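Q: Just dropping this structure here.
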Amino acid sequence: MSNKPTVKALHEIIERRSTGKTSFAEFLKELAAIGIIQYDIDVATGQATYKGEGSELKTEPQVNFVISNQFNRNTALETIANITLPFLDFLKEIANAGIITYTVNITEKKAIYIGINGDQIVEPLRI
2 MSNKPTVKAL HEIIERRSTG KTSFAEFLKE LAAIGIIQYD IDVATGQATY
52 KGEGSELKTE PQVNFVISNQ FNRNTALETI ANITLPFLDF LKEIANAGII
102 TYTVNITEKK AIYIGINGDQ IVEPLRI
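Under our numbering, the residues of the sequence shown are numbered 2 to 128, in order.
Structure (structure tokens):
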């Protein structure tokens, strides 16, 4: 049996998180259990790229948010701290703060948010 994540397993995990059935910490544990070590999010579209050892799975774009042309570190930090927000609300808030993309590294337990001008916020995952 392959330990590569399947599209079906990934979509089931995403569905549970997006409907509020799992917490962010549970979401990360479930991803790790199917071999996902990192994921990248395009904030404007909501498209995610989930990465495992030697595998990569992409989701379809979900939204079309406009990214603020001004990076606001304080607003971004406040939004990041409010990890209980539903995913699309979270994306809209960080788009308004000027974040264009972010990466969650499950094995290193950190998230890196990239702002419109290349500004970075590195946050330890609270899991």
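Glycine included, C-beta positions come from ideal geometry on N, C-alpha and C.
Since the model is a prediction, treat every value here as computed from it, not as a measurement.
When you compare the region 106-119 with the region 83-91, are there three or more beta-carbon pairs, one atom per stretch, that lie closer than 8 Å?
A: No: the two stretches stay apart, fewer than three of their Cβ pairs being nearer than 8 Å.
Q: For K52, does the three-state DSSP call read helix, strand or coil?
A: In this structure, K52 counts as strand in the three-state DSSP scheme.
Q: Measuring straight from C-alpha to C-alpha, what distance separates G21 and L11?
A: Distance between the alpha carbons of G21 and L11: 16 Å.
Q: Compare the Cα-Cα distances from G53 to each of E16, L89, V8 and report the closest residue.
A: It is V8 whose Cα lies nearest to the Cα of G53.
Q: Please report the Cβ distance between Q48 and E61, rounded to the nearest whole angstrom; I am assuming they are in contact, meaning their Cβ atoms lie under 8 Å.
A: Confirmed, about 7 Å.
Q: Under 8 Å, with one C-beta from each stretch per pair, do the region 100-108 and the region 34-42 reach the 3-pair mark?
A: The region 100-108 is in contact with the region 34-42.
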